[in-house]
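Worksheet: the structure to be examined is printed underneath.
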Amino acid sequence: MMTRWLSTMYLAGSLLLAGCSGDKAKELLETAQFEERQMNLPHAKQLYEDLIRLYPSSKEAETARARLAALNR
Numbered sequence: 001m002m003t004r005w006l007s008t009m010y011l012a013g014s015l016l017l018a019g020c021s022g023d024k025a026k027e028l029l030e031t032a033q034f035e036e037r038q039m040n041l042p043h044a045k046q047l048y049e050d051l052i053r054l055y056p057s058s059k060e061a062e063t064a065r066a067r068l069a070a071l072n073r
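In terms of full-length UniProt numbering, the sequence shown opens at residue 1 and continues consecutively.
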């Protein structure tokens, strides 16, 4: 239960910081990677897909595509 709460707080903080950051693609990638490490794979996949949709030509989108491919194997 505590892990879930910490995960939620980290995500909320990351999203808050992403709004203040100049590099939103990087923040989104970091949040997706965190969710993946927490084994919250459906949410990680959604964040990777959002990153690709919002920032398709970024280097972070390239990383997101590779992670999605690996997760979908």
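By construction, the Cβ of each residue, glycine as well, lies at the ideal position given by its N, Cα and C atoms.
Computed from a predicted model, the values in this text were never measured in an experiment.
| Query | Result |
| --- | --- |
| Nearest to D23 by alpha carbon, out of K59, K45 and A70? | K59 |
| Contact defined as beta carbons within less than 8 Å: I believe Y48 pairs with A32. What is the distance between those atoms, to the nearest angstrom? | 5 Å |
| By the three-class DSSP mapping on this structure, what secondary structure does S21 have? | With a pLDDT of 48 at S21, under the threshold of 50, the predicted position of this residue should be treated as unreliable, and no value is reported. |
| Is it right to say C20 is buried, meaning 16 or more other beta carbons lie within 10 angstroms of its own, or is it exposed? | Its pLDDT being 48, under 50, C20 is placed unreliably by the model, and the measurement read from it follows with that caveat. Burial call: exposed. |
| Helix, strand or coil, according to DSSP, for Y55 in the structure here? | coil |
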